[in-house]
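These notes are about the structure you will find just below.
In structure tokens:
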């Protein structure tokens, strides 16, 4: 994009600046810088012809207002390189939307287009002959790139996706409907409302179909309104939206059961620890009592033996004396 701007002469540059409400005074280098800053969304209020220098009394009050109103919006469309995982249709739709927001003309769209291409896509642009009419009209350039980078059987692929598309368990109805509308528009831009409604209805969850199936669904907007009523009733009845995932419900129940099990395990563990402690205390008491009993038994036995010995000792002493007297 910068390369294209650099090729503009003084007169062409002034025309481009005038179209965007930018000041055209200054050298060619300054004009080029001013235009590039605008294209990159980096303009300042003084770049625009409608900018007025505020008085000292207005400066503080009007500074933000001037910045907001004098600068035109700029929206970057992103880039496209032609890789397998990239979607050219999404890129080109965003590019066209950006061109509309940025107030680009058809000529602008052609001129700026290569600035948002990279890799293989940029090479494909450079391979277009200069004398070809592809670059003379935007619709020709867009068609050329669609042929280059969109799948050969794109419509068949989109139609297959449309037929297989079902509302997911955790998907909001409006998200599902929006996607179906997009696929229908891609398959057939002129598809009738009844056909779009049929494609929507066949993939809705069964509980939604049972509610809205007999209602007035002659337009997509009516169908959306009826589904919104169903969601309100579901919320009032159960406190949860109809798009709440059964998987999430199961997960919630599972977590609740796990919590209960953990609490039970915790209680059992506490009881077990208490029981072990009681058993330890009980065993210790029994051991102490047993040792004490054994000690008492031993002590009593020794006491009896000691008493017996003390009783026999005087007799032995008397016998010893008698024997000595006899010998004399």
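In the UniProt record's numbering, the protein residues as written are 1 to 328. C-beta: ideal position from N, C-alpha, C; glycine also.
Beta-bridge pairing of residue i - partner residues as DSSP gives them
i: residue 117; result: 80
i: residue 332; result: In the structure displayed, the chain extends from 1 to 328; residue 332 sits before or after that span and is not available.
Presumed contact (8 Å Cβ cut-off) between residue i and residue j, rounded CB distance
i: residue 165; j: residue 179; result: 7 Å
i: residue 89; j: residue 99; result: Incorrect: roughly 16 Å between the Cβ atoms, too far for contact.
i: residue 92; j: residue 142; result: 6 Å
i: residue 35; j: residue 16; result: 6 Å
i: residue 135; j: residue 128; result: 6 Å
i: residue 48; j: residue 22; result: 6 Å
i: residue 212; j: residue 199; result: Not really, about 15 Å apart at Cβ, beyond 8 Å.
i: residue 216; j: residue 222; result: 6 Å
i: residue 140; j: residue 133; result: 6 Å
i: residue 181; j: residue 196; result: 6 Å
From the options, residue whose alpha carbon lies closest to that of residue i
i: residue 335; options: 209, 237, 268, 35; result: The requested residue 335 does not occur in the structure, where the chain is confined to residues 1 to 328.
i: residue 205; options: 234, 233, 167; result: 167
i: residue 184; options: 155, 212, 270; result: 155
i: residue 120; options: 23, 81, 130; result: 81
i: residue 27; options: 104, 255, 44, 9; result: 9
i: residue 74; options: 103, 191, 86; result: 103
i: residue 151; options: 95, 84, 139, 12; result: 84
i: residue 105; options: 133, 19, 46, 197; result: 19
i: residue 153; options: 233, 186, 97, 293; result: 186
i: residue 192; options: 220, 201, 170; result: 220
i: residue 39; options: 261, 7, 76; result: 76
i: residue 218; options: 194, 228, 123, 230; result: 194
Any 3 or more C-beta pairs closer than 8 Å across the segment 139 to 147 and the segment 169 to 179: Result no; under three Cβ-Cβ pairs closer than 8 Å.
Unbroken stretches of the beta strand (DSSP E), 3 residues or longer, contained in the segment 147 to 183: Runs of the beta strand (DSSP E) inside the segment 147 to 183: none found.
contact_flag[the segment 115 to 133, the segment 156 to 165] where n(CB pairs < 8 Å) is 3 or more: No, they do not touch.
In chain order, each beta strand (DSSP E) run of at least 3 residues that lies wholly inside the segment 188 to 241: Correct list: empty.
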